[in-house]
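Peer 1: Structure in structure tokens, see below.
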Amino acid sequence: MAAKKPEQALVEQWRDILALHARTQCELDRALHGHGLCASDFEVLDLLSDGTAEDGGCSYRVQEIAERVHLSQSALSRLVARLEKDGLVERAMCAEDRRCVRVALTGRGRALHGEVLPVQRAVLTRMLAGQGRLSDRRSDSGPGSPQVGQFRVADHLRHR
């Protein structure tokens, strides 16, 4: 039975992380809705605003975006098509590989990103304050401890 307790604690912490993510995602969607965006839309705009793709250019291959925003290729394609229709991004064939599509922010997309960036950051601050980085929340228990490598989110979630 003792072996089940550390395993159950790990499962509970995993579920706490999922719950925190879900609540944060909902808050982001709610805050960004008034600007015509959802959290996933913002993530793509935010990534594109960085302007430094793997090749050093200012546009990203769709595959690069998919790897960074954790969306399936088909979901990302629909999202990019919607952002393009709204005039926030533009797509173009990749000059070095015609099978590849590149995506870049338009002026309108850059302006909207700048407008909603403080809104998104405020939500993250409110929802994640005190959470620290995941890598900083590891237990300092000894190597034999069942808590080594587990994340410390549960305490924060239980006090909400």
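Throughout the sequence shown, residue numbering follows the numbering used here, covering 31 to 190 in sequence. Every residue gets a Cβ at the ideal spot worked out from N, C-alpha and C, and that includes glycine.
Pull up the distance between the alpha-carbon of LEU147 and that of LYS34, whole angstroms please.
Peer 2: Position 117 of the sequence shown, counted from the first residue, corresponds to residue 147. Position 4 of the sequence shown, counted from the first residue, corresponds to residue 34. Whole-angstrom Cα-Cα distance: 44 Å.
Peer 1: Do you know how far the Cα of VAL74 is from the Cα of HIS100?
Peer 2: Residue mapping note: residue 100 aligns to position 70 of the sequence shown, counting from 1. Residue mapping note: residue 74 aligns to position 44 of the sequence shown, counting from 1. The straight-line gap from Cα to Cα measures roughly 10 Å.
Peer 1: For SER20, which residues from the same chain have a beta carbon less than 8 Å from its beta carbon, with the 5 sequence-adjacent residues on both sides left out?
Peer 2: Since the first and last residues shown for the chain are 31 and 190, residue 20 lies out of range.
Peer 1: Taking the beta strand (DSSP E) that ARG138 belongs to, which residues open and close that run?
Peer 2: Within the sequence shown, residue 138 is the residue found at index 108, counting from 1. Taken as a continuous stretch (DSSP letters only), ARG138 belongs to no beta strand (DSSP E), being part of the alpha helix (DSSP H) at 137-158.
Peer 1: Please report the distance separating the alpha-carbon of ILE47 from that of GLY139.
Peer 2: For the purposes of this step, residue 47 is taken as residue 17 along the sequence shown, with counting starting at 1. For the purposes of this step, residue 139 is taken as residue 109 along the sequence shown, with counting starting at 1. Computed Cα separation, rounded: 31 Å.
Peer 1: Can you have a look at SER165 and say buried or exposed, based on whether 16 or more other CB atoms are within 10 angstroms of its CB?
Peer 2: As a first step, residue 165 must be located in the sequence shown, where it is residue number 135. Low confidence applies to SER165: its pLDDT is 43, below 50, so where it sits in the model is not reliable enough to give any reading.
Peer 1: Which of helix, strand or coil does DSSP assign to GLU126?
Peer 2: To locate residue 126, count along the sequence shown from 1; it is residue 96. In the structure shown, GLU126 sits in coil (DSSP, three-state: anything other than H, G, I, E or B).
Peer 1: For VAL131, write down the residues that DSSP places opposite it in a beta bridge.
Peer 2: Stepping through the sequence shown from its first residue, residue 131 is reached at position 101. VAL131 is bridged to MET123.
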